[in-house]
Amino acid sequence: IFAILPFYSGDVEDGFRLGGLGRWYGRLVALIILIGSLTFGEDVLFASKEYRLVASAQGDTEEINRTIETLLCIISYTMVVLSSVQNASKHFRTLHDIAKIDEYLLANGFRETYSCRNLAILVTSAAAGVLAVAFYYIHYRSGIGGKRQIILLLIYFLQLLYSTLLALYLRTLMMNLAQRIVFLNQKLDTFNLQDCGHMENWRELSTLIEVLCKFRYITENINCVAGVSLLFYFGFSFYTVTNQSYLAFATLTAGSLSSKIEVADTIGLSCIWVLAETITMIVICSACDGLASEVNGTAQILARMYGTTKQFHNLIDKFLTKSIKQDLHFTAYGFFSIDNSTLFKIFSAVTTYLVILIQF
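Read in order, the letters of the sequence shown are residues 777 to 1136 in my numbering.
(1) Since Asp873 contacts Ile998 with CB under 8 Å, what's their CB separation in whole angstroms?
(2) By the three-class DSSP mapping on this structure, what secondary structure does Arg828 have?
(3) Under a three-way DSSP split, which group does Thr940 fall into?
(4) Assuming Ala903 is part of the alpha helix (DSSP H), what are its boundary residues?
(5) Sorted by chain position, which residues of the same chain lie with C-beta nearer than 7 Å to Ser1035's C-beta, five sequence neighbours on each side aside?
(6) Consult DSSP for Thr966 and reduce its assignment to one of helix, strand or coil.
(7) Rounded to whole angstroms, what is the Cα-Cα separation between Gln1076 and Glu839?
(8) Residues in the same chain with beta-carbon distance under 8 Å from Ser1021, minus the five sequence neighbours each way, listed in chain order, please.
(9) Suppose contacts are defined by Cβ-Cβ distances below 8 Å. Is Ile809 in contact with Thr854 by that definition?
(10) Measuring alpha carbon to alpha carbon, tell me which residue in Cys849, Ala1079, Ile1043 is nearest Thr1159.
(11) Helix, strand or coil: which one does DSSP assign to Arg887?
(12) Nearest-angstrom Cα distance between Phe991 and Ser1124?
(13) What would DSSP say about Val1039, mapped onto helix, strand or coil?
(14) Mind reading off the beta-carbon distance from Ile1048 to Val906? Whole number of angstroms is fine, and I expect it under 8 Å.
(15) Would you kindly work out how many angstroms separate the C-alpha atoms of Ile920 and Thr1027, rounded to a whole number?
(16) For Tyr916, is the classification buried or exposed, using 16 other Cβ atoms within 10 angstroms of its Cβ as the cut-off for buried?
(17) Would you kindly work out how many angstroms separate the C-alpha atoms of Arg799 and Tyr938, rounded to a whole number?
(18) Cutting at 7 Å between CB atoms, please list the residues of its own chain near Ser1117, excluding the five before and the five after it.
(19) Thinking C-alpha only, which one of Asp819, Leu871, Gln862 is nearest Thr846?
(20) Would you call the CB atoms of Ala910 and Leu929 closer than 8 Å?
(21) Can you check which of these residues, Thr966, Phe1112, Ala1068, Leu871, is closest to Phe1008 by C-alpha distance?
This is the structure in structure tokens:
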């Protein structure tokens, strides 16, 4: 509905297709979002004083920080939509390739399922909490006019909506892929090599490696498709976490300039926003790290197998040559890697910047 995925038809492989109606619907949504973003961005940029959430400024740069944060918010969800619509056929091809491989997996006993219902409730609740607190603060505590209240809340809503949908979509897709690769790796790890000379064993190993190569290709394709969206989302999240953390500190230490209720509201908005962005980043980073680890684990299994028999050297060499030279890892369009260590790097940088800001 929100154009993260294209509309497609059919529930079996032969009838599974991406129609023209689905393509044009996505383009229509992208056009609406783009026009709205340009309109909102112009108003935020040239009427920044009308969007002040805090009546008493917390510093000379507080208005600039809010403006930059709001503009990054607009750019973030806009690029997620544009990138998703631009790569609609690649999204569809990924789903279609997985559906084709599932026929082989089901025939070999694969029965795993994945559900992120509880995780979706957590992420959605955090996003709804941010929107609820922002509504209270914008509507009841700030001096923003009625029209611009709606614009600002709509901007926050769209950013939270698309970041949540992107995170849950990538989480679901990657964890489903990880389950399939785990199943194949276990099958590969327990492969019977006692009768290495039999043609059946050679064919079975050849098929396993071929399927794993296809999954590696699918994983690399997901990285290419989602790279732009992840780059702009993480850019916005990094700035937001830094800015909101500093605003919380500045509000807490400015007790003489603010009432107790205003201080509590400001800190509440900042803390819940940092919490929501942190949860979303954890969902994305853990999914990327888990899938990359399983894909790279295949090379380790084949490397152990390589040393036990000489019968399959040529077959294994083809996979290991690429795997060893190109260790798979997810990136934000090549700018930085996305895995479990990304969160540590982000919060290390945030801490460093906060120390500098607080000293100044």
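Don't be surprised by glycine CBs; every beta carbon is placed ideally from N, CA and C. The model shown is predicted, which means the values in this text are computed figures rather than measured ones.
The short version:
(1) The pair is not a contact, with the Cβ atoms about 11 Å apart (cut-off 8 Å).
(2) coil
(3) In the structure shown, Thr940 sits in a helix (DSSP, three-state: H, G or I).
(4) For Ala903, the enclosing alpha helix (DSSP H) covers residues 893-912.
(5) Bear in mind that the predicted position of Ser1035 carries a pLDDT of just 49, short of 50, making it too unreliable to give a figure here.
(6) Here Thr966 sits in coil by DSSP.
(7) 53 Å
(8) Ser1046, Val1050, Val1126, Leu1130
(9) yes
(10) Nothing about residue 1159 can be reported from this structure: the residues present for the chain run from 777 to 1136 only.
(11) coil
(12) 34 Å
(13) For Val1039, the pLDDT reaches just 48, beneath the cut-off of 50, and the residue's location in the model is therefore unreliable, although a value from the coordinates is still provided. Looking at Val1039 - three-state DSSP - the assignment turns out to be helix.
(14) Your pair Ile1048 and Val906 checks out as a contact, with CB atoms roughly 5 Å apart and the cut at 8 Å.
(15) 19 Å
(16) Flag for Tyr916 reads exposed.
(17) Rounded to whole angstroms, Arg799 and Tyr938 show a C-alpha spacing of 19 Å.
(18) none
(19) For Thr846, the nearest C-alpha among the options comes from Asp819.
(20) yes
(21) Phe1112
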